[in-house]
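Protein chains in written order, with the numbering used here: chain R, 1 to 166; chain S, 167 to 474. Glycine residues also receive a C-beta, built at the ideal position from the N, C-alpha and C atoms.
What follows is the structure, encoded as C-alpha cells:
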C-alpha cells in the first residue's frame, strides 16, 4: 500500500530548513532512489545551517507551520568548516527559549542528514510528520496573528471604569 | 516578609571619592569627560550627566537612586559622547559587566576608557519615588542576586568597606523555577498575557547597552521578519527575538525591566537564557573580557542530544 492512499483528517504542514550541501542532497537521493516519504514537508534550501536564523523558525510557525525541521551536515562535515557547530549552539539555546515561552518542543526537530543518508531523511521526515499529526494543528502562533488586540484595548476593570467615567 | 533597611552609609563617602577623582583626572587632562550621576531636580532623584568641566564634575555623586547603566552612553547608538579623547565613566558592578561585554564585542577599547568602579550595596527597583530609603522591599531584585557588588579591574575604586549583604528572597530564581514547573500551555498563557501589554515603545531596546545595531532586524521591512505593530503576534516575536539576540551577551543589569512602562518582566527571559547558557556552555558574564561569547564560539563536544 502506498502511504499516500491513506486519508487523514489532519495533514500537518511541516517546514524543513535544510542545508544545500548535505540534507538537500540527502533528500534528493531519497527522491532519485524512489523512496516514499510524506508530502507534508516543504523543503527550504539554505547555504548552511549556520545561515538559519531562529527568527525563520518563528516566522514559519506564525505563517501556519505545524512543525519545523532543521537539518544539515553532520558535525565536522560542514562545507564552510564550522557553520553547523555554530548552529548547534544557537539552536540548543533557542529551543530552551521556546520551551520557556511555552512552545511544545515536539514540533521542532533538529537532525544531521548527510548527502548519503536518503533513508535517514525519510525516517526523520516520517517521524516528525506522524508526531505532529497526532499533536494536531499548532494554534498558538496562528491565534496570536489573528488577534486584533491593540495596546489600547480596554481590558481591565480599572480601565473600563475610567473609560465609562469620561 | 518584613522589610529590612539596607546600609547605604558608604554612598556619601563614595560620592566624595568620585568627585575628587573626577576633578583630578579632568584637571590633569587624563580624560575629556566623565560620565556619571548627578542630583536631579526632585528630592533624592539622580540623573546621568556627562561632566566635561570642573563645575559639573563637582556635582557628581552616587546614591541608591543611581539606577542607570551608564555603559549605554558609550555605544554607537548614542551620540552624546565626544568622539576624541579618553572618557571616564562611573560604573556599578552590573554596569561593568555590560561594559566588559561591549569591549569583548569590539565596540569599545579599554585604553580609551578610565573606569571608576563603585562598591555598591544595591539600588532602588524604581525611581518613581527617588527619595525612598533602600530596603529589602524597595531594592532592585537584581541586587539581591548580585555577585558583583565590588567591581574589579577598574582604574579607580573608592576605598570604602562594603557592608555585609543581606540575604533575601531571590525573586528571579524563584520566578523562573515557578514558570519552569508549569506546563507549556500554562507558560504560553502567562507570556501571552505579559506580551499583550507591550506597546512597542522599544524603551527596552533604547536602554540596553547591547542593542547597538544601527539598523535593528525588527525595524526592517524588506523582508519584514517581525511585525512592527503593537499586536500580540508582533509583540511575542519581538520579545523572543530580543531574548535570543541578548542570549550569552546580557550582563543582567535589568535596565530593560526598569524602563518598561507596561511592567513586563523582561529580565526574566534574559535571566532564564543566562541560566541555560551557564548549564549548556558553562558561560557567565563577568569582569574578564572574552573575545567570543558562548553563541559566537563552539567546541566539538557541545551537547547534541536534541539532534537526531
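Rounded separation between residue i and residue j - CA only
i, j, result
"residue 377 of chain S", "residue 147 of chain R", "29 Å"
"residue 389 of chain S", "residue 56 of chain R", "11 Å"
"residue 334 of chain S", "residue 131 of chain R", "45 Å"
"residue 20 of chain R", "residue 45 of chain R", "6 Å"
"residue 6 of chain R", "residue 38 of chain R", "11 Å"
"residue 226 of chain S", "residue 298 of chain S", "20 Å"
"residue 284 of chain S", "residue 222 of chain S", "19 Å"
"residue 102 of chain R", "residue 204 of chain S", "43 Å"
"residue 418 of chain S", "residue 30 of chain R", "48 Å"
"residue 178 of chain S", "residue 263 of chain S", "24 Å"
"residue 13 of chain R", "residue 110 of chain R", "16 Å"
"residue 337 of chain S", "residue 260 of chain S", "17 Å"
"residue 322 of chain S", "residue 295 of chain S", "31 Å"
"residue 248 of chain R", "residue 311 of chain S", "Residue 248 of chain R is absent from the structure shown; chain R starts at 1 and stops at 166."
"residue 107 of chain R", "residue 396 of chain S", "27 Å"
"residue 176 of chain S", "residue 183 of chain S", "11 Å"
"residue 201 of chain S", "residue 83 of chain R", "40 Å"
Counted within 10 angstroms of its Cβ, other Cβ atoms place residue i as buried (16 or more) or exposed
i, result
"residue 1 of chain R", "Only weak support exists for where residue 1 of chain R lies, its pLDDT of 45 falling under 50; the value from the coordinates is given anyway. With fewer than 16 Cβ atoms within 10 Å of its Cβ, residue 1 of chain R is classed as exposed."
"residue 25 of chain R", "buried"
"residue 81 of chain R", "exposed"
"residue 451 of chain S", "buried"
"residue 306 of chain S", "buried"
"residue 62 of chain R", "buried"
"residue 268 of chain S", "buried"
"residue 163 of chain R", "exposed"
"residue 461 of chain S", "buried"
"residue 258 of chain S", "buried"
"residue 280 of chain S", "buried"
"residue 415 of chain S", "buried"
Partner residues on chain R for residue i, Cβ-Cβ distance less than 9 Å
i, result
"residue 271 of chain S", "Within 9 Å Cβ-Cβ: nothing; residue 271 of chain S doesn't reach chain R, min ~16 Å."
"residue 446 of chain S", "89, 92, 93, 96"
"residue 391 of chain S", "53, 55, 56, 58, 59"
"residue 438 of chain S", "96, 97, 100"
Which of helix, strand or coil DSSP assigns to residue i
i, result
"residue 284 of chain S", "coil"
"residue 397 of chain S", "coil"
"residue 307 of chain S", "helix"
"residue 212 of chain S", "strand"
"residue 291 of chain S", "coil"
"residue 362 of chain S", "helix"
"residue 68 of chain R", "strand"
"residue 1 of chain R", "Confidence at residue 1 of chain R is low in this model, with a pLDDT of 45, below 50, so its placement is unreliable and no value can be given for it."
"residue 19 of chain R", "strand"
"residue 323 of chain S", "coil"
"residue 371 of chain S", "helix"
"residue 100 of chain R", "helix"
Proximal residues of chain R, C-beta to C-beta of residue i below 7 Å
i, result
"residue 443 of chain S", "93"
"residue 353 of chain S", "100, 101, 102"
Contact list for residue i against chain S, beta-carbon separation under 7 Å
i, result
"residue 104 of chain R", "350"
Where residue i meets chain R, residues with beta-carbon distance less than 8 Å
i, result
"residue 468 of chain S", "85, 88, 89, 92"
"residue 464 of chain S", "82, 85, 86, 88, 89"
"residue 394 of chain S", "The premise fails here: residue 394 of chain S is roughly 13 Å from chain R at the closest Cβ pair, so nothing lies under 8 Å."
Within chain S, partners of residue i - CB distance below 9 Å
i, result
"residue 111 of chain R", "473, 474"
Cross-chain neighbours of residue i in chain S, by beta carbon under 8 Å
i, result
"residue 148 of chain R", "397"
"residue 75 of chain R", "466, 470"
Report task. Evaluate the contact criterion for the stretch 87 to 100 of chain R versus the stretch 463 to 471 of chain S: three or more CB pairs, one atom per stretch, below 8 Å. Result -> The stretch 87 to 100 of chain R, when compared against the stretch 463 to 471 of chain S, does touch it at the 8 Å Cβ threshold.
Query raised in the report: Between the stretch 180 to 195 of chain S and the stretch 207 to 216 of chain S, do three or more beta carbon pairs fall short of 8 Å?
Result: no
Query raised in the report: Are at least three pairs of beta-carbons, each pair with one atom in the stretch 70 to 78 of chain R and one in the stretch 46 to 53 of chain R, less than 8 Å apart?
Result: Contact holds between the stretch 70 to 78 of chain R and the stretch 46 to 53 of chain R, because three or more Cβ pairs, one in each stretch, are under 8 Å apart.
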